[in-house]
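Have a look at the structure below before the remarks.
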Amino acid sequence: MSAVISVKDLNKIYQGGFQALKNINLDIHAGEIFALLGPNGAGKTTLISIICGIVNPSSGTVLADGYDIVRDYREARTAIGLVPQELSTDAFETVWDTVSFSRGLFGKPRNDAHIEKVLKVLSLWDKRDNKIMMLSGGMKRRVMIAKALSHEPKILFLDEPTAGVDVELRREMWEMVRQLREQGVTIILTTHYIEEAEEMADRVGIIREGKIILVDDKARLMQKLGRKQLTVHLAEPLQSLPATLDDDALALSEDGYGLVYTYDANQETTGIAELLRALNAAGIEFKDLHSRQSSLEDIFVDLVHNGQPAPANASSAGEV
Amino acid sequence: MKLNMYSIRAIYKFEMARTWRTLMQSVASPVISTSLYFVVFGSAIGSRMVEIDGVSYGAFIIPGLIMLSLMTQSISNASFGIYMPTFSGTIYEVLSAPVSYVEIVIGYVGAAATKSTILGILILITARLFVDYEVQHPLMMISFLLLTAITFSLFGFIIGIWADTFEKLQIIPLMIITPLTFLGGSFYSIDMLPPFWQTVTLFNPVVYLISGFRYSFFGSADVNIGISIGMTLFFLAICIALVWWIFRTGYRLKS
Numbered sequence: 001m002s003a004v005i006s007v008k009d010l011n012k013i014y015q016g017g018f019q020a021l022k023n024i025n026l027d028i029h030a031g032e033i034f035a036l037l038g039p040n041g042a043g044k045t046t047l048i049s050i051i052c053g054i055v056n057p058s059s060g061t062v063l064a065d066g067y068d069i070v071r072d073y074r075e076a077r078t079a080i081g082l083v084p085q086e087l088s089t090d091a092f093e094t095v096w097d098t099v100s101f102s103r104g105l106f107g108k109p110r111n112d113a114h115i116e117k118v119l120k121v122l123s124l125w126d127k128r129d130n131k132i133m134m135l136s137g138g139m140k141r142r143v144m145i146a147k148a149l150s151h152e153p154k155i156l157f158l159d160e161p162t163a164g165v166d167v168e169l170r171r172e173m174w175e176m177v178r179q180l181r182e183q184g185v186t187i188i189l190t191t192h193y194i195e196e197a198e199e200m201a202d203r204v205g206i207i208r209e210g211k212i213i214l215v216d217d218k219a220r221l222m223q224k225l226g227r228k229q230l231t232v233h234l235a236e237p238l239q240s241l242p243a244t245l246d247d248d249a250l251a252l253s254e255d256g257y258g259l260v261y262t263y264d265a266n267q268e269t270t271g272i273a274e275l276l277r278a279l280n281a282a283g284i285e286f287k288d289l290h291s292r293q294s295s296l297e298d299i300f301v302d303l304v305h306n307g308q309p310a311p312a313n314a315s316s317a318g319e320v
Numbered sequence: 001m002k003l004n005m006y007s008i009r010a011i012y013k014f015e016m017a018r019t020w021r022t023l024m025q026s027v028a029s030p031v032i033s034t035s036l037y038f039v040v041f042g043s044a045i046g047s048r049m050v051e052i053d054g055v056s057y058g059a060f061i062i063p064g065l066i067m068l069s070l071m072t073q074s075i076s077n078a079s080f081g082i083y084m085p086t087f088s089g090t091i092y093e094v095l096s097a098p099v100s101y102v103e104i105v106i107g108y109v110g111a112a113a114t115k116s117t118i119l120g121i122l123i124l125i126t127a128r129l130f131v132d133y134e135v136q137h138p139l140m141m142i143s144f145l146l147l148t149a150i151t152f153s154l155f156g157f158i159i160g161i162w163a164d165t166f167e168k169l170q171i172i173p174l175m176i177i178t179p180l181t182f183l184g185g186s187f188y189s190i191d192m193l194p195p196f197w198q199t200v201t202l203f204n205p206v207v208y209l210i211s212g213f214r215y216s217f218f219g220s221a222d223v224n225i226g227i228s229i230g231m232t233l234f235f236l237a238i239c240i241a242l243v244w245w246i247f248r249t250g251y252r253l254k255s
């Protein structure tokens, strides 16, 4: 798959010596939704800001749509639309004027039909003559997206797009992002909401302390690193685990009614059948079973806080 | 280098729209306050003053008053124009757009210079209501008007980028430009000063602008017209060099 953004050996050292990015190498594929995850201060916004031309790189190269962002900045930036994290909008302009301004600023001739289409898609058409200061926070966020889409970019950066946005609007935005992807727009989003990445992303990159520590297909990542948990709801509470069931992968809940078994779904033998047989042999009755796949959030927390991805077999079940 | 006219037009139109939105503050207010100068110094006090170089006092102060408004408004318009996006954060859009620094400057400075030139012409027309005057070298007058508007708009653009508070935005026009203009021969000929202060006054760059502009009206001035033009162009060159340095280094714009 062709890379619409190619980052090579990118470093950023701010004045004062703080190194925000450390030798970043990253390819974003054309037409994908790429989620860049990382804790606060990891370097997400710095990376996006460099690609978009707002921050100067210290070293390294970035190609956007095949153009060098420094040498061929006009062609590179024409391909990019940016929705920044902060709600930075003009106050006294009307919605129509500010979106039209953005189109002109990006070197595109006037096209009222396109602006109308963008405003309608974002449910801003009725507000087109309103001053931005009169709009709610959610509406302002939509205006910023409309501005970023006004010049028909091939690549759209969404930096924390749904921060401070209510659930309904968040769902609408996700739908809009999917529609854009169907139209061939490559979407790169940073988010704190893991749910957002899990819901939308094709691939996920995790950045920590200025380094990309993992990039993978989301589904594969979840399969590779994802643990599953089986909770056995007992008919009678246990004080402690019987010796025959003593295993690192097995834990007793605080109330004694739940046995939580963690295993790797990719292993040939999960150990579930053996567990159930052992429960039966020990005379422990159960009334329900519940299994749960670990979420992207679990994976993210593992990677960011424990430093390493949880090995696939770390949580796999031993034979019981 | 091919200029991106759509981008320039977008910035220019955006800035001009701000002027029309704030017509009272941008245009009417300076015209009214300058008219008051004409009433007080031109008609009331001026009628008791002797002519200077054969020019009535009321007419003599016209170039100085136009220059005063032109310079302060050029600085104010341009500095506010670029300061607001940096203050509100919307500067991200300009920095991420496919526009060159030259195009950004043409857009912002062009709009600020247009506004102050319109204002200068309005004051010139208003002055006619109070004082009789003739412009001996209209082309030179227009050239000086434009040159000063562009130069001081560039200067304002620099201030707008340098300023990180509203106070700093105001401090240069109020504390430096206005005093220099008042002491630069707006209301008097420097020949009227004692020799020592005449020499001191020649270190004031605004003297050359007012003197040159006055020459275009009356054909006579405190300073040789060639020197006036040279000094104006020199100041323009300094401003262009500073703007070039700002964009080359990303001073206060890019980290």
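Protein sequences appear in the order of chains D and B.
With this note's numbering, letter number 290 in the first sequence gets 290, and the count goes up by one each step, no holes.
With this note's numbering, letter number 77 in the second sequence gets 77, and the count goes up by one each step, no holes.
Here a beta-carbon is modelled for each residue, glycine too, at the ideal position from N, C-alpha and C.
Next item on the list: Starting from Y14 of chain D, find everything on chain B with Cβ-Cβ shorter than 9 Å and list it in chain order.
Entry: As a working mapping, residue 14 of chain D is identified with position 14 in the first sequence. What Y14 of chain D touches in chain B: S255.
Check: Do T186 of chain D and E160 of chain D come within 8 Å of each other at the CB atom, strictly closer than that value?
Finding: Working through the first sequence from its first residue, we reach residue 160 of chain D at position 160. Working through the first sequence from its first residue, we reach residue 186 of chain D at position 186. Cβ distance not < 8 Å, so E160 of chain D and T186 of chain D don't count as in contact.
Check: So, does the CB of R178 of chain D fall closer than 8 Å to a CB anywhere in chain B?
Finding: Taking the first residue of the first sequence as 1, we reach residue 178 of chain D at position 178. Not a single C-beta of chain B is nearer than 8 Å to the C-beta of R178 of chain D.
Next item on the list: Using a Cβ cut-off of 8 Å (strictly closer), state whether Y73 of chain D contacts chain B.
Entry: The residue you call residue 73 of chain D lines up with position 73 of the first sequence. Yes, Y73 of chain D lies at the interface with chain B (some Cβ there is under 8 Å from its Cβ).
Item checked: Neighbourhood of M133 of chain D by C-beta, 6 Å cutoff - its chain only, sequence neighbours within 5 removed -> Along the first sequence, one-based indexing puts residue 133 of chain D at 133. Hits under 6 Å: A91.
Next item on the list: Examine chain D for any beta-carbon lying closer than 8 Å to the beta-carbon of E93 of chain B, and answer yes or no.
Entry: If you number the second sequence from 1, residue 93 of chain B lands on position 93. Yes, its Cβ sits closer than 8 Å to a Cβ of chain D.
Check: Looking only at DSSP bridge pairs, what is I155 of chain D linked to?
Finding: Sequence index remark: in the first sequence, residue 155 of chain D carries index 155 (1-based). Its beta-bridge partners are D:I80 and D:T186.
Next item on the list: Check the C-beta distance from Y12 of chain B over to G107 of chain B and give it rounded, since I have them as a contact under 8 Å.
Entry: Position 12 of the second sequence, counting from 1, holds the residue named residue 12 of chain B. Position 107 of the second sequence, counting from 1, holds the residue named residue 107 of chain B. Going by Cβ atoms, the distance from Y12 of chain B to G107 of chain B rounds to 5 Å, so yes, they are a contact pair.
Note to self: Check whether the segment 150–161 of chain B and the segment 66–78 of chain B are in contact - that is, three or more C-beta pairs closer than 8 Å.
What the structure shows: Enough Cβ pairs lie closer than 8 Å, so yes.
Margin query: Tell me the rounded alpha-carbon separation between A317 of chain D and F87 of chain B.
Written below: Start at 1 with the first residue of the first sequence, and residue 317 of chain D comes out as number 317. Start at 1 with the first residue of the second sequence, and residue 87 of chain B comes out as number 87. Because A317 of chain D sits at a pLDDT of 27, beneath the cut-off of 50, its placement in the model cannot be relied upon, and the following sentence gives the value as read from the coordinates. Cα-Cα distance, rounded: 57 Å.
Note to self: Suppose only complete runs of 3+ residues qualify. What are the beta strand (DSSP E) ranges in the segment 16–83 of chain D, listed by chain order?
What the structure shows: Every unbroken stretch of the beta strand (DSSP E) spanning 3 or more residues and falling wholly within the segment 16–83 of chain D is given here in chain order: 19–29, 33–37, 59–64 and 80–83.
Check: Between the segment 62–71 of chain D and the segment 3–10 of chain D, do at least 3 Cβ pairs fall closer than 8 Å?
Finding: Note that the segment 62–71 of chain D touches the segment 3–10 of chain D; at least 3 beta-carbon pairs, one per stretch, sit closer than 8 Å.
Next item on the list: Return the CA-CA distance between A20 of chain D and S143 of chain B, expressed in angstroms with no decimal places.
Entry: What you label residue 20 of chain D is simply residue 20 of the first sequence in a count that begins at 1. What you label residue 143 of chain B is simply residue 143 of the second sequence in a count that begins at 1. Spanning the two alpha carbons is a distance of roughly 50 Å.
Check: Run through DSSP, which three-state label would N77 of chain B get?
Finding: Your numbering for residue 77 of chain B matches position 77 in the second sequence. Assigned with DSSP and collapsed to three states, N77 of chain B falls in helix.
Note to self: Just list the residues that DSSP pairs Q229 of chain D with in beta bridges.
What the structure shows: Numbered from its first residue, the first sequence carries residue 229 of chain D at position 229. Beta-bridge partners of Q229 of chain D (DSSP): D:T262 and D:R292.
Notebook entry, point to check: With burial defined as no fewer than 16 other Cβ atoms inside 10 Å of the residue's Cβ, what is the status of T34 of chain B: buried or exposed?
Noted result: In the second sequence, the residue the question calls residue 34 of chain B occupies position 34. Flag for T34 of chain B reads buried.
Notebook entry, point to check: Thinking C-beta only, is M200 of chain D closer than 8 Å to W174 of chain D?
Noted result: Counting from one through the first sequence, the residue named residue 174 of chain D turns up at place 174. Counting from one through the first sequence, the residue named residue 200 of chain D turns up at place 200. Yes, these two residues count as a Cβ contact at 8 Å.
Check: Does the beta carbon of V62 of chain D come closer than 8 Å to any beta carbon on chain B?
Finding: Mapped onto the first sequence, residue 62 of chain D falls at position 62. False, the Cβ-Cβ gap to chain B never drops below 8 Å.
Next item on the list: Give a yes or no on whether the C-beta atoms belonging to E93 of chain B and S102 of chain D are separated by under 8 Å.
Entry: Taking the first residue of the second sequence as position 1, residue 93 of chain B is located at position 93. Taking the first residue of the first sequence as position 1, residue 102 of chain D is located at position 102. Between E93 of chain B and S102 of chain D, the gap from beta carbon to beta carbon is short of 8 Å.
Margin query: Less than 8 Å between the beta carbons of I321 of chain D and L10 of chain D, yes or no?
Written below: Since the first residue shown for chain D is 1 and the last is 320, residue 321 of chain D is missing from the structure and cannot be characterised.
Item checked: Local conformation of G107 of chain D per DSSP, three classes -> Counting from 1 along the first sequence, the entry for residue 107 of chain D is found at position 107. Here G107 of chain D sits in coil by DSSP.
Margin query: Rounded to the nearest angstrom, what separates R203 of chain D and R227 of chain D at their Cα positions?
Written below: As a first step, residue 203 of chain D is located in the first sequence; it is residue number 203 there, counting from the start. As a first step, residue 227 of chain D is located in the first sequence; it is residue number 227 there, counting from the start. R203 of chain D and R227 of chain D have their C-alpha atoms spaced approximately 19 Å apart.
Notebook entry, point to check: Considering only C-alpha positions, which residue in the set D:S100, D:R77 and D:D288 is nearest to V99 of chain B?
Noted result: Residue numbering aside, residue 99 of chain B sits at position 99 when the second sequence is read from its first letter. Restricting attention to D:S100, D:R77 and D:D288, the CA atom closest to the CA of V99 of chain B is found in D:R77.
Note to self: Taking DSSP's pairing of strands, which residues face R181 of chain D in a bridge?
What the structure shows: On the first sequence, residue 181 of chain D is found 181 positions in, with the first residue counted as 1. For R181 of chain D, which the question treats as bridged, DSSP gives no partner whatsoever.
Item checked: Nearest candidate by alpha-carbon position, reference A251 of chain D, set D:I13, D:K131, D:D126 and D:H233 -> On the first sequence, position 251 is the one that residue 251 of chain D refers to. It is D:H233 whose Cα lies nearest to the Cα of A251 of chain D.
Check: What are the boundary residues of the beta strand (DSSP E) that includes V243 of chain B?
Finding: As a working note, residue 243 of chain B is residue 243 in the second sequence. No beta strand (DSSP E) contains V243 of chain B, which is instead part of the alpha helix (DSSP H) from I225 to T249.
Item checked: Contacts around E319 of chain D, its chain only, beta-carbon distance under 6 Å, and the 5 residues preceding and following it disregarded -> Within the first sequence, numbered from 1, the residue matching residue 319 of chain D stands at position 319. Any reading at E319 of chain D is ruled out, since the residue's pLDDT is 26, under 50, leaving its predicted position unreliable.
Next item on the list: For S88 of chain D, return the contacting residues in chain B, with the cut-off set at a CB-CB distance below 9 Å.
Entry: The residue you call residue 88 of chain D lines up with position 88 of the first sequence. Against chain B, a Cβ distance below 9 Å from S88 of chain D picks out P85, S88, G89, T90, I91, Y92 and E93.
Margin query: Here's a check: name, in chain order, each residue in its chain whose Cβ is nearer than 7 Å to the Cβ of V223 of chain B, leaving out the five neighbours to either side.
Written below: Locating residue 223 of chain B in the second sequence gives position 223, where the first residue counts as 1. Excluding residues within five positions, the ones whose Cβ falls inside 7 Å are V207, Y208 and S211.
Margin query: I'd like to know if F14 of chain B contacts chain D, where contact means its C-beta is closer than 8 Å to some C-beta of that chain.
Written below: Here residue 14 of chain B corresponds to residue number 14 of the second sequence, with the count starting at 1. Yes - at least one Cβ of chain D is within 8 Å of the one on F14 of chain B.
Check: Is DSSP giving L252 of chain D helix, strand or coil here?
Finding: Taking the first residue of the first sequence as position 1, residue 252 of chain D is located at position 252. Three-state DSSP puts L252 of chain D in a strand.
Next item on the list: Identify the contact partners of S7 of chain B in chain D, using a Cβ-Cβ distance below 8 Å as the criterion.
Entry: Position 7 of the second sequence holds residue 7 of chain B. Simply G104, L105, F106 and G107.
Check: Would you call H290 of chain D buried or exposed, if buried means 16 or more other Cβ atoms sit within 10 Å of its Cβ?
Finding: Here residue 290 of chain D corresponds to residue number 290 of the first sequence, with the count starting at 1. Under the 10 Å beta carbon count, H290 of chain D is surrounded by fewer than 16 other beta carbons and is classified as exposed.
Checklist line | Of the listed residues D:E268, D:V99 and D:E93, nearest to G81 of chain D (C-alpha basis) | finding: Counted from its first residue, the first sequence places residue 81 of chain D at position 81. Residue D:V99 is the option with its Cα nearest to G81 of chain D.
Item checked: Within chain D, the residues that R252 of chain B reaches when beta carbons sit closer than 7 Å -> Working through the second sequence from its first residue, we reach residue 252 of chain B at position 252. Around R252 of chain B, no beta-carbon contact reaches into chain D at under 7 Å, the shortest distance being about 12 Å.
Checklist line | Beta carbon of S189 of chain B nearer than 8 Å to that of L65 of chain B | finding: Here the question's residue 189 of chain B lines up with position 189 in the second sequence. Here the question's residue 65 of chain B lines up with position 65 in the second sequence. Contact: no.
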